[in-house]
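In the numbering used here, the protein residues as written are 286 to 778. What follows is a single structure, written as structure tokens, with notes after it.
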Amino acid sequence: MKLYWKILLLALLPLLLALGLGFFRLELIVRFQRSGREAADELKMALLNSRFKAYREDRSRNAAVLAGANDAVRAVQNSDTGFLVPWGELFLDPLRYSLIFFTDGDGIVLARAHDPYRFGDDISAHPAVAAALKGRRSVGLFELDGEPALLETRPVMLYGEIQVGTVGIGAPLTKELLAHFSEGTGLGIEVEIEGFPPISMEECCGNTERKSVALFPSVSEESLKFRRIEAVFTEDELGADLRYFQRNLVLTMLLLSVTLLSGLFLLLRRYLRPFSLLVEDVTLLSGNQEDFFELRKRLAHNYLDTSHEVSVIAHSLSRLMERIQETITLLEWTSRTDPLTRISNRLHLDSVLEQEMKASAKTGSPLSVLIFDLDHFKMVNDDFGHQAGDNVLRRTAEILKSLVPVGFVGRWGGEEFLAVLPGAGEEEATEFGERIREAVENEPFPIGRRVTISAGVTEMIPGDTPGSLVGRADKGLYEAKETGRNRVVLRKA
């Protein structure tokens with residue numbers, strides 16, 4: 286092979302490497318965006334299902350109240366339409382519960398809260414009413430007045446034993462009701478029921494993605510059957526733009542590569558090796574934390590004698606990575622530190638407690654937990670102001686931090702603090718709590734008033750969870766408060 290072609294091939298390799306890295310990173314962005322969109326869609330579906338579940342539970346509660354109130358039961362027994370209409374109107378909702386009716390024991394309508402002048406007709410043959418007349422609660426989708434409706438019926442029982450009638454509550458299944466359920470999710474809903482035209486929201490048009498979902502589970506065999514229920518997702522415009530950009534970028538970079546090959550020929554020998562090494566180093570950014578530290582050192586020291594452009598890039602990347610590392614360190618410290626007291630926050634304490642409990646269970650060594658609470662702290666805030674209260678909290682945290690032996694201490698919340706003492710049994714932990722109590726009691730706080738603290742102590746036993754362990758210590762704290770405060774109470778399992 287001629288030297289020209291060898292040099293040209295050598296020049297092409299790093300260029301292809303750089304392009305491949307760029308395309309790879311872009312593909313990662315596209316995949317990340319796609320996975321983010323899928324996660325967002327799953328959250329929307331979860332929200333949609335939770336709304337339907339809440340609707341069914343709320344409807345069931347209303348049905349129970351409508352059928353269970355003593356006055357309503359008597360009114361059904363006595364066919365008192367004058368009482369049942371205003372009673373049902375109390376539960377009417379223009380969208381969610383626009384259908385409420387009562388029947389007697391023969392299925393004759395006594396009252397319709399949504400249509401007060403229409404009663405006396407026989408609906409005993411209606412599947413939902415027939416089920417309720419047999420003493421069964423019926424829930425599902427039924428035809429009512431010529432349109433599908435989400436309906437629940439149940440018997441009205443006198444003294445809880447004698448059936449005197451039925452009650453029904455629900456709403457027509459309309460596009461307005463579907464829009465109410467999907468409000469704020471950006472989803473559309475399409476429903477097709479046997480014997481009825483499809484019901485869909487106006488937003489379900491255009492270029493969309495559809496997924497079949499189960500939104501209206503029925504518990505009654507008489508319920509109408511669904512042919513399909515679909516949630517409609519809007520087009521992923523950002524994903525389409527990214528894919529369009531990706532295709533255009535490929536074409537653009539190919540054309541640019543062909544144009545630049547002739548210019549790269551003369552500069553190849555000078556810049557090839559430093560740029561290749563730099564590209565290899567930059568790919569380490571997708572590696573682990575050790576690669577991150579090592580790469581920063583290499584960028585800072587290994588490119589000092591290379592060409593000006595490579596040196597500037599390497600130095601800039603090194604400085605950028607140094608700032609990123611400083612930011613990561615600051616964020617890690619902030620995420621586990623209470624900003625007021627400068628000790629561990631509850632999130633960090635939860636993690637520490639779980640780890641130490643696992644270690645204690647594995648090694649068989651003791652583990653104790655103490656929970657502290659400043660006595661009458663609200664009076665400090667009320668009498669001296671919240672700034673003085675903050676100063677008391679900060680000084681108390683300093684005392685705890687200085688006196689804790691081997692373990693962890695942090696702010697649990699408000700004026701409460703938690704200490705985790707691995708290797709300490711209940712006696713040692715109780716002694717530690719007493720030292721803390723005495724130190725706080727003898728501390729000359731700037732407010733000029735004596736401040737005391739109460740504590741609950743407990744030791745971990747087999748089978749404990751973080752919740753049960755802290756809960757037991759909290760009971761000890763409650764006992765300390767109830768028996769005079771400024772005390773340390775050991776709570777045994």
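Think of the CB as a built atom: it goes at the ideal place given N, C-alpha and C, for glycine as much as any other residue. Predicted, not measured: the structure shown is a model, and the values here were computed from it.
Beta-carbon to beta-carbon, Gly710 and Ser653 are separated by about 7 Å, close enough to satisfy the 8 Å threshold. Taken atom to atom, the span from the alpha-carbon of Arg680 to that of Pro651 is near 29 Å. Look at Pro747 here: in three-state DSSP terms it is coil, with no helix or strand label. In the structure shown, the three-state DSSP call for Tyr382 is strand. The beta carbon of Pro440 sits closer than 6 Å to those of Ala417, Gly420, Gln448, Thr451, all from its chain and outside the five residues before and after it, given in chain order. Taken in chain order, the whole beta strand (DSSP E) runs of length 3 or more contained in the region 638 to 701 are 652 to 659, 693 to 698.
Counting the other CB atoms within 10 Å of its CB gives Val637 a total of 16 or more, which places it among the buried residues. The way I'd put it, the region 685 to 697 does touch the region 710 to 724; three or more beta-carbon pairs between them come closer than 8 Å. An exposed status is given to Thr648, since fewer than 16 other beta-carbon atoms sit within 10 Å of its beta-carbon. A contact is defined here as three or more CB-CB pairs under 8 Å, and the region 392 to 409 fails this definition with respect to the region 322 to 342. Within the region 375 to 443, complete beta strand (DSSP E) segments of at least 3 residues are found at 384 to 389, 394 to 397, 423 to 429, 432 to 443, given in chain order. Measuring C-alpha to C-alpha distances from Ala413 to each of Ala758, Ile454, Ala398 identifies Ile454 as the nearest. Residue pairing by DSSP places Ala704 opposite Leu655, Val694 in a beta bridge. Judged by DSSP in its simplified three-state form, Leu458 adopts coil rather than helix or strand.
Under a 10 Å Cβ-count criterion, Ala348 is classified as buried, with 16 or more other Cβ atoms of the shown protein chains found around its own Cβ. In the three-state reduction of the DSSP assignment, Leu775 falls in the strand class, which pools E and B.
The alpha-carbon of His600 is positioned some 21 Å away from that of Leu306.
Here DSSP, grouped into helix, strand and coil, assigns Ser508 to coil. A contact is defined here as three or more CB-CB pairs under 8 Å, and the region 660 to 668 fails this definition with respect to the region 741 to 751. By the Cβ neighbour-count rule, Glu461 is exposed, with fewer than 16 other Cβ atoms within 10 Å of its own.
Glu477 has its alpha-carbon roughly 34 Å from the corresponding atom of Gly390.
Around the beta carbon of Asn533, a 10 Å sphere encloses fewer than 16 other beta carbons of the protein chains shown; the residue is thus reported as exposed. For a cut-off of 8 Å, the C-beta gap from Ile474 to Ala516 is around 6 Å, short enough to register as a contact.
If you draw a straight line from the Cα of Pro707 to the Cα of Val774, it is about 19 Å long. DSSP places Glu479 in the coil class of the three-state scheme, outside both helix and strand.
Judged by DSSP in its simplified three-state form, Val452 adopts strand. With respect to Ile656, Glu701 sits close: the two C-beta atoms are nearer than 8 Å.
In the three-state DSSP reduction, Arg734 falls in the coil class, being neither helix nor strand. Rounded to whole angstroms, the separation of the alpha carbons of Leu678 and Gly756 is 23 Å.
Collapsing the DSSP output to three states places Ala740 in a strand. Three or more beta-carbon pairs separated by less than 8 Å link the region 361 to 379 to the region 394 to 405, which places the two stretches in contact. Here Gln362 has Leu443, Val449, Gly450 as same chain residues with Cβ atoms under 8 Å from its own Cβ, once five neighbours each way along the sequence are excluded. Under the three-state reduction of DSSP output, Glu446 falls in the coil class, being neither helix nor strand. Residue environment: Glu641 is assigned as buried (16 or more neighbouring CB atoms within 10 Å of its CB, all protein chains considered). Ser335 is not bridged by DSSP to any residue. Distance from Leu634 to Trp697 at the Cβ level is roughly 7 Å; contact confirmed, criterion being Cβ atoms closer than 8 Å.
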